[in-house]
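Let me begin by presenting the structure, written as C-alpha cells, before commenting on it.
Protein chains in written order, with the working numbering: chain G, 17 to 477; chain H, 17 to 477.
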C-alpha cells in the first residue's frame, strides 16, 4: 500500500478542514500543514464580532488549537511561509523564522486563500503595507489592530458595503463610533441580493450610520503617519468631500492568492482562481486546491465563480482531505452560493445568482415576492419576513431565492435544497411546510412567494 | 359555457379555502357553503391558544368573516345542516332552524371534517353528548365551554398525549390549573415523532404536569351531573387510581365524518376516510372532498393516511376549489405530513412517517441523529437543536426527518423539500446551507444529522 504523504499549504478553514478529513479518512497518512500566520485554524467570519465584543476575545475564534493537531498527529507548522514548490521532485521549500524547511509529499493541497484588494487610494500605502489607522479584516492580527486603534477612535470609515463591510460597520457602531461606509456601486450588498431586498436592509442600516453609495475614496490625509481624513468622490457629480476619520477599514473584496499554484502549472480560470473539479483536484496530478484561492462552477449559470464563503470552503476541504488520503468524496456539480448574515437584528439570506447576474448571462426569468408574517395573523408576536424567488421563464425551474427577516436563513435553505434537485416553482408552491400557530402560518411566506412567481409564469404562457 | 354551480358542505379550513379558490378561479361561478356551526371559517388549530389567553378571544380565530364572504359573492349559510344529497338530481337538502333548504349543484365539495373519538369511559356520556365538565376541542363552542368551566376549576385531566392534547395541557398549565395527561400508549407524541425525540419533549413537559403513559381512563364519577373524578387504569398492572378533576378534555383522535359521502356512493378507503386523488376528486363524478374527512396516499409508504393537518387541508382546498371551478390544480402524488408544534418553548417538527410506521410497512432504513447548537460554538447565544433523519437502506433516499429545538420547523422544511424531490441522504449532507456566525454554523445540525446517517449507510455496504 502506498504511503500517503500529504502537504497542505495554508491552515485556514480550507486547509484545516482538509487536514482533519485526511486524518479521518486515513489514520496512517503523514499530514503536514504549513501556515504562514501565527494561529492555528480559526474562524475568519467571526472576526467582526470580536470587534463588537459579542465574542469577547479573538482566542475564542480558534476552532482547533495546537493541542488538537498534536493529538490528531497532524504536523502543524505555524509562522512558516512556503517559498516554492519543486513539483517534479515533490518537495516543498518553506521559510520558518530564518530557517529553510524542506518536506516531500505525494499529495499536495493548496489552501492559500486570498489577499484583500486595496483600491488605488492616494497615500494609503505606508512602508509596511497600509498606513497606520488603516486596516483590512482577514486575520486575527487585523482584528487585534482594529480593536486596539478603536479604543482611541471616535470615527470610522469603511470602504465597501458588502457582507464584511456591513458586519464590521455594525461592530464599530456598537462600540460607539461614528461610522460611515463608502460604496462604489449604487447600493449596498449589490453582489449579495437584489435591489428591493437590499433596500430593506439599507433602511435599517441608515438608522445607525451613513452610507455613501456611488462614491469612491480617492485619498487619505495623514498626520504623524496616522490617518486623519479620507477624501471621497461622488462618481456621478465628481463632487469631493473630506471626512475626518480615525480608522479606515478596507472591505473591498479579495483576489485569490495563486502564486504557488501558477508556479507549479495549475490552470487558473477566467476569474483568476485555481480551477478545481468536484473532487477538489486541480489540473496538476496529485494537487488539490480548496477555498478562496479557487474558482468553481455556479450551478445555475454554469459560469466559474470565485469561492468566498466559509460554508463552501469547508465542504471543499472535506472533499480534498478525503480524496487526498485515499477516500472518495464528490461535491455537487456546482455551487449554490447559499449565504446569510444579520445586520442590526435583521437576518438576510440568499441562494443562487442575483437578478443582475442572471441578466448578465441572458437567462430569462420571472420573479415572485411575498411580504408576510412569520406566524398566522391571529397569533401574537409574528415578525415580518420577505421572500423573493426567481424561476426560469421556460421551464419554471427555481433559479434563486432571497429573504430578509424572521428565520430568513432556514427559509432560504429550503430553497437551496429545492434548487439543488431542480425543483420547479410550481412544485415549490405545493410543498407541505410545517404549520402550527406558534411556529409558522399554514401557507408560509416561502410558499406564497413561489405562488406569486408561479402565477406570473402562467400568465406569461 | 357551462354555468358552474358549486356547493360546498362544511365551512372549515377545507371548505372555506375551496370556496375562496373556486371564486379566485371563476368570477362567475355560483358558490354556496353550507356550515352546520355558527361561525364562518376559523382556525381550529388556534383553539388551544384561546384557552391559554395567548390569543385573547375566540373571535380572533375567524379568518374570513361573513362580510368577506358577502364581498366575494359566496353564499355562506351558517347554522345549516345538510341532511341528504340527491346525487341523481344534483340537489342538496339541508335544515336551517326549522326550515328545509334545497339547492342544486353541478359540482359538489365535501368538507365535512371529522368527529372527535370518545373512548369507552363509563359515565362519560350525558343526555346531550359528554357530561358537564367534559369536553372535546374541535370547535369554538368547545373552547368557549372550556374557558368558562376553567374559571371555576383547579384541576384538569387530558385524555391523549398527541399534539392537541399537549397543546391543551400547556394552555391549562399556563392558566394555573393542576394538569395531568392520560395516554394509552407507552409515550407521548407516539404518532408524531420517534421515541428518542419524544423523550426530549417529555423531559420538558414533565416539569409542568404529570403524564400517565400506558394508562387508560375507565370511568368518570360525577356529582350533580358534573364531573368530580376520573378513574385511570395502568394497562400493564391493571392498578387503578382515582384522580380528582374539575375538567376533562378528550383529545384521543378523530374519525372522519363520511355519512353524506357514503350516502352518495363515494368510495371510502381502508382508513375510513373518503378516497380522493391528486385533484381532490372522489370516485363520484363531479364530487370533490377535502380535509379531515378524506384519506390520501403517504408519499413514502404509499399507504393511505387520514388527513388531520391544517396545512394539508388548505392545500386540498386549493385543489378542489380550483378544479371544481374549471381550473386545473394537481397536488403532489402523496403527502409528506410535515408537522410542527411548540411545547413550553420547545419547538418540535417532523416530516414523513415515524420509524415505527416504516417498520410496520417493512421498510429497511438507517437513522442518523445529531445534537448540536443553532450557532457556531464560539458565538454566544446558540440554542440546542436535535435533528434526526432516516434514509432507505438500499437507495439512501431520505424517508423522514424529525427535529426538536431552535428553528426545528424550518430545518424540517428543508428536509420536506428534499424528500419531495427524492433526494438521498448523501446529497443532503453535501447541501450548502446558509452560514454566518450570528445565524447558523458552517455545518448545520441538519447537515450533520445527514452526515451521521450517510456514514452508517456506507459502513453497512
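No residue lacks a Cβ here, since even glycine has one placed at the ideal position from N, Cα and C.
For residue 96 of chain G and residue 47 of chain G, the gap between their C-alpha atoms comes out near 15 Å. Pairing residue 227 of chain G with residue 359 of chain G, the inter-Cα distance amounts to about 14 Å.
For the segment 380 to 398 of chain H, the beta-carbon criterion of a distance under 7 Å to any beta-carbon of chain G is satisfied by 392, 394, 395 and 396.
Chain H places a beta carbon closer than 8 Å to that of residue 451 of chain G, counting this residue as a contact. Residue burial is scored here from C-beta neighbours: residue 418 of chain H has at least 16 other C-beta atoms within 10 angstroms and is therefore classed as buried.
The segment 176 to 226 of chain H contains, as complete beta strand (DSSP E) runs of 3+ residues, the segments 194 to 198 (chain order). Counting the other CB atoms within 10 Å of its CB gives residue 185 of chain H a total of 16 or more, which places it among the buried residues. Under DSSP, residue 132 of chain H takes part in a beta bridge, and its partners are H:270. Per DSSP, the beta bridge partners of residue 231 of chain H are H:250. Boundaries of the alpha helix (DSSP H) harbouring residue 83 of chain G: 82 to 87, taken from the DSSP string.
Interface residue (Cβ-Cβ distance to chain H less than 8 Å): residue 57 of chain G is not classified as such. Fully contained in the segment 45 to 98 of chain G are the following alpha helix (DSSP H) runs of length 4 or more, in chain order: 63 to 68 and 82 to 87. The residues 56 and 92, in chain order, have a CB closer than 7 Å to that of residue 82 of chain G in the same chain once the five nearest residues on each side in sequence are set aside. Not one beta carbon of chain G lies nearer than 8 Å to the beta carbon of residue 372 of chain H. With a threshold of 8 Å between beta carbons, residue 61 of chain H makes contact with chain G. Against residue 36 of chain G, chain H offers no close residue; the least beta-carbon distance is about 12 Å (beta-carbon pairs closer than 8 Å). Looking at G:408, G:305 and G:428, the one whose alpha-carbon comes closest to that of residue 317 of chain G is G:408. Bridge partners of residue 257 of chain H according to DSSP: H:248.
Beta-bridge partners assigned by DSSP to residue 352 of chain H: none are found. Each residue's CA atom was taken as its position, placing residue 309 of chain G and residue 195 of chain G some 31 Å apart. Interface annotation, residue 122 of chain H: not in contact with chain G, CB-CB separation never under 8 Å. Put simply, the CB of residue 429 of chain H is near chain G, with a gap under 8 Å to one of its CB atoms. About 5 Å separates the beta carbon of residue 124 of chain G from that of residue 23 of chain G, a gap short enough to meet the 8 Å contact definition. Judged by DSSP secondary structure, residue 429 of chain H falls within the alpha helix (DSSP H) whose first and last residues are 424 to 436.
For residue 43 of chain G, the closest alpha carbon among the candidates G:35, G:49 and G:50 is that of G:35. Residue 187 of chain G places its beta carbon less than 8 Å from that of residue 65 of chain G. Within 10 angstroms of the beta-carbon of residue 253 of chain H lie fewer than 16 other beta-carbons, which makes it exposed. Inter-residue distance for residue 217 of chain H and residue 270 of chain H is about 23 Å (C-alpha atoms, whole angstroms). Residue pairing by DSSP places residue 151 of chain H opposite H:265 in a beta bridge.
Chain H has a Cβ within less than 8 Å of the Cβ of residue 328 of chain G. For residue 369 of chain H, the secondary structure class from DSSP, reduced to helix, strand or coil, is coil. Below the 7 Å Cβ cutoff, chain H contributes 394 as neighbours of residue 76 of chain G, in chain order. Burial of residue 428 of chain G is indicated by the presence of at least 16 other C-beta atoms within 10 angstroms of its C-beta.
The shortest C-alpha to C-alpha distance from residue 461 of chain H to any of H:398, H:386, H:101 and H:119 is the one to H:386. Under the criterion of beta carbons closer than 8 Å, residue 38 of chain H and residue 356 of chain G do not qualify as touching, at roughly 40 Å. Taken in chain order, the members of the segment 433 to 444 of chain H whose beta-carbon sits within less than 8 Å of a beta-carbon on chain G are 433, 434, 436, 437, 438, 439, 443 and 444.
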